[in-house]
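Trainee: Residue numbering for the sequence shown follows full-length UniProt numbering, starting at 1 and increasing by one per position. Yeah, the Cβ is synthetic: ideal placement off N, Cα and C, and Gly gets one too. Bear in mind the structure is a predicted one, so any value in this text is a computation, not a measurement.
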Amino acid sequence: GLTFMDDDGKTPPGYSTWQFNFKFNLSEDMYAQDSIDLLQNSGIQFKKHEEDGIDPIDFAELLMSSGIVLVENIKWLCFHSGYDFGYLLKLLTDQNLPPDESEFFDLLHIIFPNIFDIKYLMKSCKNLKGGLQEVADQLELRRVGPQHQAGSDALLTGMAFFKMREVQHTNDFHITPVAHDVLFRYLLEHTMNLKPTISCIHLLSRPAYNGGPAPDESAIISSGNGTGNTNSTEQFTSSAYMVTPPNTPGMAKSDAASLSNRHTSISNSFG
Numbered sequence: 001g002l003t004f005m006d007d008d009g010k011t012p013p014g015y016s017t018w019q020f021n022f023k024f025n026l027s028e029d030m031y032a033q034d035s036i037d038l039l040q041n042s043g044i045q046f047k048k049h050e051e052d053g054i055d056p057i058d059f060a061e062l063l064m065s066s067g068i069v070l071v072e073n074i075k076w077l078c079f080h081s082g083y084d085f086g087y088l089l090k091l092l093t094d095q096n097l098p099p100d101e102s103e104f105f106d107l108l109h110i111i112f113p114n115i116f117d118i119k120y121l122m123k124s125c126k127n128l129k130g131g132l133q134e135v136a137d138q139l140e141l142r143r144v145g146p147q148h149q150a151g152s153d154a155l156l157t158g159m160a161f162f163k164m165r166e167v168q169h170t171n172d173f174h175i176t177p178v179a180h181d182v183l184f185r186y187l188l189e190h191t192m193n194l195k196p197t198i199s200c201i202h203l204l205s206r207p208a209y210n211g212g213p214a215p216d217e218s219a220i221i222s223s224g225n226g227t228g229n230t231n232s233t234e235q236f237t238s239s240a241y242m243v244t245p246p247n248t249p250g251m252a253k254s255d256a257a258s259l260s261n262r263h264t265s266i267s268n269s270f271g
């Protein structure tokens, strides 16, 4: 899923959220049963994924040329999304992930130059805890659409980010770039005893670009997995959220329309 917003959290006129449902066959593809159960309980219809789902390779081809990856001024927001970016890297390169950690992060930085994981950053926020829905409840946000659906999760991620910034009144501060390895290393904190290195105030402020104030064309994208959390190794409805001004040279409406027109499995097509 993709949601487009500007730097103030406002969505553009018309459609601002898309959900892309990939082709998936329960009889042939590998999966974790608990993930399947969760998604089915959330309304995912795997029969339609099998019959009408988007070919991931087609999606990767269009995403790679969309203007929202490989771009320095695009910032991705995510929620506990280490596995999601691993999946996207494999999809976009059509190769197995690099066996060497440094090579992996080099590749990640090329395709997704700026990543901010809200789940990690909220470790420095005393009053926020839990998964995406719990955080949204604490912030008194109203979800649009069913829980654990990629488009709904994408939109809620963006809403949560800007609500957190509003509550903290930190608009005089700037988001600073986060080391890519933080995204994955925090998953191992219980064994490595790592401490958060990014303060909540940085998360909740206006974006910065190369350490300074954000230019007009700055943008933010966040990604999730449609589960609203967690550590599932199989993701079937990848969600992403994009914050971008209407005139940003990011993913134009025509690019999104190209994706949606090429396939009939956008969110409302899947009910």
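What residue ranges within the stretch 60-125 form continuous alpha helix (DSSP H) runs of no fewer than 4 residues, ordered along the chain?
Mentor: Those alpha helix (DSSP H) runs which fall completely within the stretch 60-125 and span 4+ residues are 82-93, 101-111, 118-121.
Trainee: Between which residues of its own chain and Leu92 is the CB-CB distance below 8 angstroms, once the five residues before and five after are set aside?
Mentor: For the purposes of this step, residue 92 is taken as the residue at position 92 of the sequence shown. So the qualifying residues of the chain are Ala60, Leu63, Met64, Val69, Ile111.
Trainee: If you drop the 5 nearest sequence neighbours on each side, which residues of the same chain put their C-beta closer than 7 angstroms to that of Ser42?
Mentor: As a working note, residue 42 is residue 42 in the sequence shown. Excluding residues within five positions, the ones whose Cβ falls inside 7 angstroms are Pro146, Gln147, His148, Gln149.
Trainee: Could you say which of Asn25, Leu97, Gly86, Gln95 lies nearest to Ile44 if we only look at CA atoms?
Mentor: Looking up residue 44 in the sequence shown gives position 44. Looking at the Cα atoms, Asn25 is the closest of the given residues.
Trainee: Identify the continuous alpha helix (DSSP H) that holds Leu132 and give its terminal residues.
Mentor: In the sequence shown, the residue the question calls residue 132 occupies position 132. That run of the alpha helix (DSSP H) goes 132-138.
Trainee: Is Leu26 helix, strand or coil by DSSP?
Mentor: Working through the sequence shown from its first residue, we reach residue 26 at position 26. Coil at Leu26, not helix or strand.
Trainee: Taking the alpha helix (DSSP H) that Leu141 falls in, what are its first and last residues?
Mentor: Sequence index remark: in the sequence shown, residue 141 carries index 141 (1-based). It is not in any alpha helix (DSSP H) - Leu141 carries neither H nor E in the DSSP assignment.
Trainee: If contact is defined by three or more beta carbon pairs under 8 angstroms, each pair taking one atom from either stretch, is the stretch 103-110 in contact with the stretch 120-133?
Mentor: The stretch 120-133, when compared against the stretch 103-110, does not touch it at the 8 angstroms Cβ threshold.
Trainee: Indicate the three-state DSSP secondary structure (helix, strand or coil) for Thr11 in the structure shown.
Mentor: Here residue 11 refers to the residue found at position 11 of the sequence shown. Three-state DSSP puts Thr11 in coil, outside helix and strand.
Trainee: Alpha carbons only, please: which of Asp7, Gln95, Leu156, Glu166 is nearest the one belonging to Thr17?
Mentor: Start at 1 with the first residue of the sequence shown, and residue 17 comes out as number 17. Looking at the Cα atoms, Leu156 is the closest of the given residues.
Trainee: Select from Pro113, Pro56, Gly82, Phe46 the residue whose C-alpha is nearest the C-alpha of Gly67.
Mentor: Against the sequence shown, residue 67 aligns to sequence position 67. The candidate whose alpha carbon is nearest that of Gly67 is Pro113.
Trainee: Since Gly9 contacts Phe116 with CB under 8 angstroms, what's their CB separation in whole angstroms?
Mentor: Sequence index remark: in the sequence shown, residue 9 carries index 9 (1-based). Sequence index remark: in the sequence shown, residue 116 carries index 116 (1-based). So it is not a contact: roughly 15 angstroms between Cβ atoms.
Trainee: Using 8 angstroms as the threshold, is the C-beta distance between Gly1 and Gly151 below it?
Mentor: Along the sequence shown, read from residue 1 onward, the residue named residue 1 stands at position 1. Along the sequence shown, read from residue 1 onward, the residue named residue 151 stands at position 151. Taking 8 angstroms as the Cβ cut-off, Gly1 and Gly151 qualify as a contacting pair.
Trainee: Kindly identify the DSSP beta-bridge partner or partners of Ile54.
Mentor: As a first step, residue 54 is located in the sequence shown; it is residue number 54 there, counting from the start. Answer is Phe22, bridged to Ile54.
Trainee: Can you grab the Cα-Cα spacing for the pair Asn96 / Pro13, in whole Å?
Mentor: Within the sequence shown, numbered from 1, the residue matching residue 96 stands at position 96. Within the sequence shown, numbered from 1, the residue matching residue 13 stands at position 13. Going by the C-alpha atoms only, they are around 39 angstroms apart.
Trainee: From this set, Tyr15, Leu108, Glu50, which residue's C-alpha is nearest Ser27's C-alpha?
Mentor: The residue you call residue 27 lines up with position 27 of the sequence shown. With distances taken between Cα atoms, Ser27 lies closest to Glu50.
Trainee: Would you say Ile118 and Ala154 are within 8 angstroms of each other, going by their C-beta atoms?
Mentor: Along the sequence shown, one-based indexing puts residue 118 at 118. Along the sequence shown, one-based indexing puts residue 154 at 154. Cβ distance not < 8 angstroms, so Ile118 and Ala154 don't count as in contact.
Trainee: Quick one: give me the first and last residue of the alpha helix (DSSP H) that Ser42 is part of.
Mentor: For the purposes of this step, residue 42 is taken as residue 42 along the sequence shown, with counting starting at 1. Taken as a continuous stretch (DSSP letters only), Ser42 belongs to no alpha helix (DSSP H), as it is neither H nor E.
Trainee: Can the beta-carbon of Leu108 be found closer than 8 angstroms to that of Leu77?
Mentor: As a first step, residue 108 must be located in the sequence shown, where it is residue number 108. As a first step, residue 77 must be located in the sequence shown, where it is residue number 77. No; because the gap between Cβ atoms is not below 8 angstroms, this pair is not in contact.
Trainee: Drop a sphere of 10 angstroms on the beta-carbon of Lys126, count the other beta-carbons inside from all chains shown, and report buried for 16 or more, exposed for fewer.
Mentor: Taking the first residue of the sequence shown as 1, we reach residue 126 at position 126. Exposed, since its Cβ has fewer than 16 Cβ neighbours within 10 Å.
Trainee: Alpha carbon to alpha carbon, how far is Thr11 from Tyr87? Give it in angstroms, no decimals.
Mentor: Stepping through the sequence shown from its first residue, residue 87 is reached at position 87. Stepping through the sequence shown from its first residue, residue 11 is reached at position 11. Cα to Cα, the separation comes out at about 27 angstroms.
Trainee: With a threshold of 16 other CB atoms inside 10 Å of the CB of Val135, please say whether the residue is buried or exposed.
Mentor: In the sequence shown, the residue the question calls residue 135 occupies position 135. Val135 should be labelled buried.
Trainee: Cα separation between Pro98 and Lys123?
Mentor: Position 98 of the sequence shown, counting from 1, holds the residue named residue 98. Position 123 of the sequence shown, counting from 1, holds the residue named residue 123. Distance between the alpha carbons of Pro98 and Lys123 is about 29 angstroms.
Trainee: Could you check the C-alpha separation between Met164 and Val71 for me, to the nearest Å?
Mentor: Residue mapping note: residue 164 aligns to position 164 of the sequence shown, counting from 1. Residue mapping note: residue 71 aligns to position 71 of the sequence shown, counting from 1. Each residue's alpha carbon lies about 26 angstroms from the other.
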